[in-house]
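Written out below as structure tokens is the structure these notes cover.
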Amino acid sequence: MIKKILSGGQTGADRAALDVAIKKEIPHGGWIPKGRKTEDGMLPDKYQLQEMPTVSYSKRTEQNVLDSDGTLIVTHGKLNGGSALTRRLAEKHKRPHIHLDMNGLSTDDAADALRVWIENNGIMILNVAGPRASKDPDIYSMTVKVLETLLMNG
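End of the sequence shown = 228 in the working numbering, gap-free, step of one.
Written out as structure tokens, the structure reads:
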């Protein structure tokens, strides 16, 4: 089961994953662009992320894919922007990844699919990605629900 949760610290899905990790007392981490840059300013210090030597979001995304056993991408709808990049980078590096489109899944079904994927792929360090809050205002709460359901039942 999950021993550590990584993300890039951006608002939305990334931040939801970190908040669940903190709440559930699961170690967390990941990489963030230089200056702890997010769309709502500098990421607070309570999030234990390492700064990249560059401000590039794509380099941060790639490092989090590489440092994890697999990547969860949570969206409402098809992948685009940074979420699509995350999948391309996981495929490039032949890393396990799962996309949960919450437009077509209940929270319980998503958590069940995620649990099976984690078990089948031996995921212990989970990278979590998805849209930022400005692109999907509901993704934070949905990502929290899926992860908390997974951890509650797992």
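We put the CB at the ideal spot given by N, CA and C, even for glycine.
Small disclaimer: the values here were computed from a predicted structure and weren't measured.
Quick check on the burial criterion: 16 or more other C-beta atoms within 10 angstroms. Buried or exposed for residue i?
| i | result |
| --- | --- |
| V139 | buried |
| G196 | exposed |
| M75 | exposed |
| H167 | exposed |
| V94 | buried |
| S81 | buried |
Is the distance from the Cβ of residue i to the Cβ of residue j below 9 Å?
| i | j | result |
| --- | --- | --- |
| G83 | D141 | no |
| L200 | K78 | yes |
Please return the same chain residues whose Cβ sits closer than 7 Å to the Cβ of residue i, not counting the five positions on each side in sequence.
| i | result |
| --- | --- |
| T112 | G83, Q84, T85 |
| R162 | none |
| R206 | Q84, T85, G86, E113 |
| R169 | V139, G144, T145 |
Looking only at its chain, what residues have a beta carbon closer than 8 Å to the beta carbon of residue i, apart from the 5 residues adjacent to it on each side?
| i | result |
| --- | --- |
| V220 | V148, L174, M176, T181, A184, A185, L188 |
| S215 | A90 |
Return the residue from the list the options that minimises the CA-CA distance to residue i.
| i | options | result |
| --- | --- | --- |
| P101 | G109, L146, L92 | L92 |
| N194 | R162, M226, G144 | G144 |
| S132 | Y121, A164, D119 | A164 |
| K209 | I106, Q137, I172, G156 | G156 |
| P118 | T128, I79, I106 | I106 |
| G151 | P170, G178, S130 | G178 |
| I291 | L123, M116, R110 | Since the first residue of the chain shown is 75 and the last is 228, residue 291 is not available in this structure. |
Tell me, to the nearest whole angstrom, how far the beta carbon of residue i is from that of residue j; I am working on the premise that it is less than 8 Å.
| i | j | result |
| --- | --- | --- |
| I213 | G204 | 5 Å |
| L90 | T217 | Correcting the residue identity first, residue 90 is Ala in this sequence and not Leu. Correct: roughly 4 Å between the Cβ atoms. |
| D114 | V202 | No, D114 and V202 are not in contact; Cβ-Cβ is about 18 Å, not under 8 Å. |
| K108 | E125 | 5 Å |
| T128 | L159 | Contact flag wrong, Cβ pair sits at about 15 Å. |
Given 8 Å as the limit, tell me if residue i has its C-beta closer than that to any heavy atom belonging to the ligand NAD.
| i | result |
| --- | --- |
| A187 | No copy of the ligand NAD appears in this structure; indeed no ligand is present at all. |
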